[in-house]
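Notes follow once the structure below has been shown.
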């Protein structure tokens, strides 16, 4: 895995505040353990970097993880805090991600 | 067979087992699996296609079913081997599942799917290397194209002999990254940003406005196809059962057995089986839509609206399907993953105005607005709106009371767009049709026989008036006036049927409950018509024709004209405005369809929910009909 650029930015934003095309990682969430477990099983955890395909402040979001697209309801998305990445590649953020 | 959702597992299962498969509902489980078999090298192999799961340790019904299977609690036996289906484009997630399954210690094999898609994205897939790393046989397979099936069967044979060897290595999370790196070219090398076509389609299909328009167009086309294309086979089924009934009636002597066979068994089963073409078409088209990847986007779009009523976006399809018939609507609620959401959807689906209600709507709306087509049209549309509103409000109430609790968060995987698998759609439709017919031949048949009995017994002797009319018919025949004789015999038969209905157990029940319906303005005859409608609401028109008039039951205008002139014992109009409005509201909201109750019981696994559905809809129908009648009277609409 090649990595050249930067750490994830120190700021943390709800997923609903990201823009289309933004890359980010999951920082934390106020979800229940059960919901967090479902998201983790679907591939959305603190180790992954995702790209935002559709986002709106009050609406649902679509994100892409590897080859998978996930649609998230607004209620779920606003409770997921993210760390936006500046780098264009997925690899850079993943290197600095906390291990579960 | 275990795997993540949308990895091509069911296509593979269909390819392996074909029509030798059936849907299995296991005791204590609200999700279903499919079981099938195939013969390879003279050895019969049985497969269980478990529902797609993201992990087996989640507190979800499908995960529990997988755990039960691994522990040997499913179908009463321990599986000889687990076939894990891995998507080559999403190996990390699949390998997490593989690792959990491997912890069970059962022999394993891996089917690597979506390899063409992975290679199209620039990945180098190496099944042999993966097999070495995983320590189990690994074969590239494509269920849709039928590629890799023989090697896969051989791999399963081999797997049964060899226990998995990866357990010690598979503990660390790095193991997954390393495995992916060594076999498919790294976890993040998919070039996702270059997926322009998916981006553009998603931008359209999930847009708040455009997405809604596309969805409505897709559904309109689908239901147009269902109504139009199903007409021909439905007519053929009706004619076929009609011919069968007439043949049996002609061959067997007149009596209780003939009546049971013709009216009870054939009539009852025909009334259910006639919906089979609609059900098959609905499931075929839904399977195609689901396969293209569009259905997940549609659910995503509709979630914005449905969530206000405590329902998920996926509930829109069962509710819309219920406009054709509640039976396929309720069955298609299986698309909904959350059990409470699914149950709420099933419970409210029969509120949607199905095609069987249309005949009653036409009759009552014609009675209400005989001179104004515009007002009649408005009232007709209002019936549909009232049913939909009742469904949504009921869903909201149920989700805040008896089905209270947090829904599964709406997180949907949006599968890649692709051409639908026709073979898979046909097999899936066949499976649903078999389930439906099995239900029609057991529960529904039994209910129909009981309903026939309470309508047919005790037997009434032919009334004196009918005997006199028959005598006049004989005289007319003797005078060479065949048309008059036929008309007189029809009158005599109508009279006999009216007396039979009034004196039957159903008639007694009608008489006994008439005081309950009196506040709605219903007399004895209307009460009997309503009571017999609980078998199937379309019976209302024919019952009223028998009880009140002598009209041609197939001609709406003629029947309406006769009913409009019908009077009560005190000489007032039978179908006055308040009564007609109350009846219309009652028929919009009441659950008068025994097959629907039988299907609800089957889908929910309990008569309790069917009873609740019936009770709730009956109470809501009664109270709103009462309110509507009172409102019309208060507004000076007559009484």
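Protein chains in written order, with this note's numbering: chain A, 154 to 253; chain B, -1 to 637. All C-beta atoms in this analysis are idealised placements derived from N, C-alpha and C, irrespective of residue type, glycine included.
7 Å Cβ shell around residue i - same chain, five flanking residues per side excluded
i	result
residue 147 of chain B	13, 14 and 139
residue 635 of chain B	575 and 576
residue 167 of chain B	No answer about residue 167 of chain B holds up, because its pLDDT of 48 lies below 50 and its placement is not dependable.
residue 256 of chain B	246, 247 and 250
residue 181 of chain A	234
residue 9 of chain B	141, 142, 419 and 422
Residues near residue i by beta carbon distance below 8 Å, same chain, minus five either side
i	result
residue 391 of chain B	307
residue 398 of chain B	308
residue 548 of chain B	Confidence in residue 548 of chain B is poor, its pLDDT being 49 and thus under 50, which makes the residue's placement unreliable; the coordinate value appears in the next sentence. Result list for residue 548 of chain B: 488, 489, 492 and 560, in chain order.
residue 452 of chain B	502, 503, 504 and 507
residue 172 of chain A	205 and 208
residue 54 of chain B	0, 61, 64, 65, 68, 95, 98 and 99
Beta carbon proximity, residue i to chain A, threshold 9 Å
i	result
residue 88 of chain B	yes
residue 551 of chain B	Note that residue 551 of chain B has pLDDT 47, beneath the 50 cutoff, so the model's placement of it is unreliable and the number below is only indicative. No, because no Cβ of chain A sits closer than 9 Å to the Cβ of residue 551 of chain B.
residue 196 of chain B	yes
residue 602 of chain B	no
residue 204 of chain B	yes
residue 298 of chain B	yes
residue 63 of chain B	no
residue 91 of chain B	yes
residue 7 of chain B	no
residue 101 of chain B	no
residue 339 of chain B	no
residue 585 of chain B	no
residue 404 of chain B	yes
residue 138 of chain B	no
residue 185 of chain B	Note that residue 185 of chain B scores a pLDDT of 46, beneath 50, so its modelled location is shaky; the value from the coordinates is reported in the next line. Taking Cβ atoms only, chain A reaches closer than 9 Å to residue 185 of chain B, which makes this a yes.
Residues that DSSP places opposite residue i in a beta bridge
i	result
residue 140 of chain B	B/145
residue 237 of chain A	A/177
residue 43 of chain B	B/36
residue 411 of chain B	A/223
residue 0 of chain B	B/82
residue 203 of chain A	A/177
residue 20 of chain B	B/33
residue 565 of chain B	B/571
residue 182 of chain A	A/233
residue 218 of chain A	A/221
residue 591 of chain B	B/534
residue 417 of chain B	Paired residues: none, contrary to the question.
residue 166 of chain A	A/235
Spatially closest choice to residue i from the options, by CA coordinates
i	options	result
residue 128 of chain B	B/570, B/144, B/107 and B/593	B/107
residue 41 of chain B	B/157, B/49, B/59 and B/151	B/151
residue 464 of chain B	B/247, B/457 and B/486	B/486
residue 408 of chain B	A/213, A/183 and A/186	A/213
residue 259 of chain B	B/276, B/275, B/240 and B/82	B/240
residue 116 of chain B	B/132, B/143 and B/85	B/85
residue 98 of chain B	B/617, B/424, B/64 and B/6	B/64
residue 588 of chain B	B/336, B/402, B/158 and B/324	B/324
residue 583 of chain B	B/91, B/4 and B/617	B/617
residue 362 of chain B	B/633, B/377 and B/58	B/377
residue 320 of chain B	B/335, B/300 and B/353	B/353
residue 383 of chain B	B/606, B/350 and B/90	B/350
Cβ of residue i within 9 Å of any chain B Cβ
i	result
residue 195 of chain A	yes
residue 213 of chain A	yes
residue 238 of chain A	no
residue 171 of chain A	no
residue 219 of chain A	yes
residue 191 of chain A	yes
residue 187 of chain A	yes
residue 175 of chain A	no
residue 228 of chain A	yes
Heavy atom of the ligand ATP within 8 Å of residue i beta-carbon
i	result
residue 235 of chain A	You won't find the ligand ATP in this model; it holds no ligand whatsoever.
Same chain only: Cβ atoms within 6 Å of residue i, ignoring 5 sequence neighbours per side
i	result
residue 246 of chain A	With a pLDDT of 45 at residue 246 of chain A, under the threshold of 50, the predicted position of this residue should be treated as unreliable, and no value is reported.
residue 521 of chain B	566
residue 230 of chain A	168, 169 and 214
residue 608 of chain B	595, 598 and 599
residue 318 of chain B	217
residue 434 of chain B	277
Just to confirm the assignment: which complete alpha helix (DSSP H) runs, minimum length 4, are found wholly within the stretch 70 to 153 of chain B? The alpha helix (DSSP H) runs lying completely inside the stretch 70 to 153 of chain B and spanning 4 residues or more are 89 to 100, 113 to 118 and 125 to 132, given in chain order.
What runs of the alpha helix (DSSP H), each 4 residues or longer, lie entirely inside the stretch 424 to 465 of chain B? Listed in chain order, they are 443 to 454.
Which runs of the beta strand (DSSP E) fall wholly inside the stretch 484 to 518 of chain B and span at least 3 residues, in chain order? With a minimum length of 3 residues, no continuous beta strand (DSSP E) run stays inside the stretch 484 to 518 of chain B.
Ranges of the alpha helix (DSSP H) found wholly within the stretch 195 to 260 of chain B, counting only runs of at least 4: Listed in chain order, the complete alpha helix (DSSP H) runs (minimum 4 residues) inside the stretch 195 to 260 of chain B are 208 to 249 and 254 to 257.
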